[in-house]
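Per our numbering: the sequence shown = residues 716 to 932. First comes the structure, then the notes that go with it.
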Amino acid sequence: MKRKNNIEQVMSILEKKFPISKTTLNKMRKNPNAFKILISCLLSLRTQDKNTEIASGRLFAVADTPKEILALPMRKLEKLIFSSGHYRKKARTLKHVSKVLLERFEGKVPKTREELMSIKGIGPKTANIVLAFAFGKKVLPIDTHCHRIPNRLGWVKTKTPEKTEEELNKILPKKYWGEFNSIFVQFGKTICQPISPLCSTCPINQYCPRIGVVKSR
Ligand code: SF4
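Put into structure tokens, the structure is as follows:
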């Protein structure tokens, strides 16, 4: 099967199975506040969505602007975001990002990838989440799931998420860009897991050559 058909088939199955999600970040799309999206994205790194939701909710009840986060005592900030894990490092990042936004961007979240990534603590995935979710830009946020799965499917043959983004930019039809991250994150967490994916019950197994999969269930 040609890759283009394969992509269409796979995306149409997965978008039904994982409708635009109820994740914390996706919920924020309806009423976008760029700063809150940026902070939630930083809190979501290396944790589950439910932990991000708790930490974001607690923090935003007390502070939801760069100025307010900067004014919080470090210990209090750590306590508020404790449930997101790696809370000490994340608290330092939140302080730093808030400080830079105030010093260089008049307290506003910048709208370009270059400016976002010029702030220490903001990587390509976070920058693209902000651009896509807060500013509605057509970019693909690529995390570990969005990198691993297209490689298993044979859509791309890449070693880094940055390269995957470059390749997907060329081959993924634009109509899927808005939901791609949400679908693949949910799919990667539940079925196409990093170690031993659930291939026997996978809804797209007939379209997948399982490239690089050593062990599956
Ligand atoms: S068949 Fe296996 S490797 Fe392929 S997408 Fe499904 S779970 Fe992932």
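By construction, the Cβ of each residue, glycine as well, lies at the ideal position given by its N, Cα and C atoms.
Nonlocal neighbours in the same chain, by C-beta distance under 6 angstroms from residue i, ignoring five residues either side
| i | result |
| --- | --- |
| P825 | L831 |
| A842 | R828, L831, M832 |
| L792 | A806 |
| K837 | Contrary to the premise, residue 837 reads as Ile rather than Lys in this sequence. Around I837: L831. |
Cβ-based burial, residue i [other Cβ within 10 Å; buried from 16]
| i | result |
| --- | --- |
| H801 | exposed |
| Q901 | buried |
| P924 | exposed |
| R863 | buried |
| P909 | exposed |
| S727 | exposed |
| P781 | buried |
| P856 | buried |
| P865 | buried |
Residues near residue i by beta carbon distance below 7 angstroms, same chain, minus five either side
| i | result |
| --- | --- |
| E877 | P839 |
| N920 | C914 |
| E882 | V871, T873 |
| C756 | L740, T841, I844, V845 |
Cβ shell of residue i (< 8 angstroms), same chain only, five flanking positions each side left out
| i | result |
| --- | --- |
| V928 | R867, P912, C914 |
Proximity of residue i and residue j at Cβ, strictly below 8 angstroms
| i | j | result |
| --- | --- | --- |
| V815 | I752 | no |
| L760 | L774 | no |
| D779 | T739 | no |
| W870 | I722 | yes |
| I834 | K810 | no |
| K853 | K889 | yes |
_Complete runs of the alpha helix (DSSP H) confined to the region 780-867 [at least 4 residues]_ = 781-786, 789-795, 802-819, 828-832, 839-844, 859-867
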